[in-house]
Structure formats: C-alpha cells, structure tokens
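Chains as they are written, first to last, in the numbering used here: chain A, -17 to 95; chain B, 203 to 312. Here is the structure we will look at, set down as structure tokens.
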C-alpha cells in the first residue's frame, strides 16, 4: 500500500538553529499538509499546499515556518530559528482529493534543546 | 470555525468486549467528512474509518463502526470484540479543513 515517508524520524537541534523536515507524499496525491502534535496534546493543523502554493495556514504557521516542494516529489517544512516550544511530533499528510482520504506519514519527532 | 469535542479523555475495556467512544462537532457546513484516527504508542496516525456527511448509512470497517447522527452533530465510534492491539489514542476529526479532537486514550485489558 502506498505510504507517506518522512525523514528523519527524530531530530535534535539547538535553539535558534534552522531545521528542515522532509516528506515524500504519495505520488498521485495533489494536496499536502503539515500537522504538529506537542506531547500529550492534540494534533494541530499547520499548513496545506496545493498547486505549488499554500492554500491554507493556521495562526501557528508564522514567519518562522515555510514550506516547499522543491523537486516534484519532496515536500519540506522549514523552521528558520527554532524555539523550545517547537519541540513536537510533526506529521506530513497527503490526499488525492481535497478532503477525502488523508494519509499520514510516521512523523518526525523534533526536540529543541 | 469548526470544533471537535471528545468528552472522554480515557476509557478502558475488557478484551473481547465492545466499547463506544464519543465525539461531537460543531459546524455550519452541510457537506463535510468525519474521521476516526488511531494513534498507537509508535505515534503514527492510522485512519480507522471515515464518513461522508451526505451519506445516511453508517460506515463500518470490520470490527469498527460509527453512529453518525447529523442533526445532533454526533459521530461515535464502536469497537466490537476489542483486542489488545486496539490499545491506542483515538482521535475524532472533521474536514474540511482537517481538525482533530483532543483524543480518547483507550486501554484494552486482558
């Protein structure tokens, strides 16, 4: 069964450093998403991406965050200057149609120290 | 904005028994989708079941079924013949956009 692949599975970074989280969505999917889950809390929407541009973003997705689809297969989330409160599990998801079938990756656990 | 409420932070059930997890949501939309996701200790998000709001028939997927009450904005998940592997966090979600509830931690006891 097709899957969404996220790398790395765990990343530790110093506060203030830039991190890039990588995702390879399912190949025929057109819609891409990033979500995050702070430990013990609910899954929060960050951003959705369609047709090479952001289609929707939450208030969490401020100027420190950016997304890119650099080569037609990868979908990346960049955090420019990480803060301690950015420590969370980050999930990438993709869907063929806009809202019907979301497939999530296994997540990247980001720890900011 | 759409909201999803799961009123049961934790539940437990004996192996082979049936358990129902509650979910309510708030929206002014008429067309939408509802989902239940399972998050085991590995923290992967696994789709359990989904329901289109325009379909009156409740979705079923093997041991998992939902009770969708559109007028009441209620979307409960029933797990029959519970298995130890069902132990996980269960998140109810609404789309569009995909918004999650706070989750219910289900423990299946041998």
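No residue lacks a Cβ here, since even glycine has one placed at the ideal position from N, Cα and C.
At a CB-CB cut-off below 7 Å, which residues of chain A make contact with residue i?
i: residue 243 of chain B; result: Those do not exist, as residue 243 of chain B stays about 12 Å from chain A at its closest Cβ, beyond 7 Å.
Taking Cβ-Cβ distances shorter than 8 Å, what residues in chain B pair up with residue i?
i: residue 57 of chain A; result: By Cβ distance, chain B contributes nothing, its closest Cβ being about 16 Å from residue 57 of chain A, past 8 Å.
i: residue 84 of chain A; result: 237, 249, 297, 300
What separation, rounded to the nearest whole angstrom, lies between the Cα atoms of residue i and residue j?
i: residue 302 of chain B; j: residue 24 of chain A; result: 7 Å
i: residue 34 of chain A; j: residue 55 of chain A; result: 12 Å
i: residue 37 of chain A; j: residue 15 of chain A; result: 10 Å
i: residue 9 of chain A; j: residue 78 of chain A; result: 9 Å
i: residue 290 of chain B; j: residue 267 of chain B; result: 17 Å
i: residue 305 of chain B; j: residue 246 of chain B; result: 14 Å
i: residue 262 of chain B; j: residue 51 of chain A; result: 36 Å
i: residue 222 of chain B; j: residue 67 of chain A; result: 34 Å
i: residue 39 of chain A; j: residue 29 of chain A; result: 4 Å
i: residue 93 of chain A; j: residue -10 of chain A; result: 12 Å
i: residue 256 of chain B; j: residue 84 of chain A; result: 19 Å
Starting from residue i, follow its DSSP beta bridges and name the residues at the other end.
i: residue 214 of chain B; result: B/309
i: residue 240 of chain B; result: B/248, B/292
i: residue 269 of chain B; result: B/278
i: residue -8 of chain A; result: A/91
i: residue 297 of chain B; result: B/235
Kindly list, in the order they appear in chain A, the residues whose Cβ is closer than 8 Å to that of residue i.
i: residue 299 of chain B; result: 27, 30, 38, 81
i: residue 277 of chain B; result: Under the 8 Å cutoff, chain A gives no residues; its nearest Cβ is about 15 Å from residue 277 of chain B.
i: residue 304 of chain B; result: 23, 24
Does the distance from the CB of residue i to the CB of residue j come in under 8 Å?
i: residue 70 of chain A; j: residue 20 of chain A; result: yes
i: residue 224 of chain B; j: residue 209 of chain B; result: yes
i: residue 234 of chain B; j: residue 297 of chain B; result: yes
i: residue 281 of chain B; j: residue 207 of chain B; result: no
i: residue 64 of chain A; j: residue 1 of chain A; result: yes
i: residue 285 of chain B; j: residue 270 of chain B; result: no
i: residue 277 of chain B; j: residue 236 of chain B; result: yes
Residue i touches chain B at which residues, Cβ-Cβ below 7 Å?
i: residue 60 of chain A; result: Chain B residues near residue 60 of chain A: none, gap ~22 Å exceeds 7 Å.
i: residue 73 of chain A; result: 247
Uninterrupted beta strand (DSSP E) stretches inside the region -13 to 54 of chain A (no shorter than 3 residues): The region -13 to 54 of chain A contains these whole beta strand (DSSP E) runs: -13 to -11, -8 to -5, 1 to 6, 13 to 19, 25 to 32, 35 to 39, 47 to 50.
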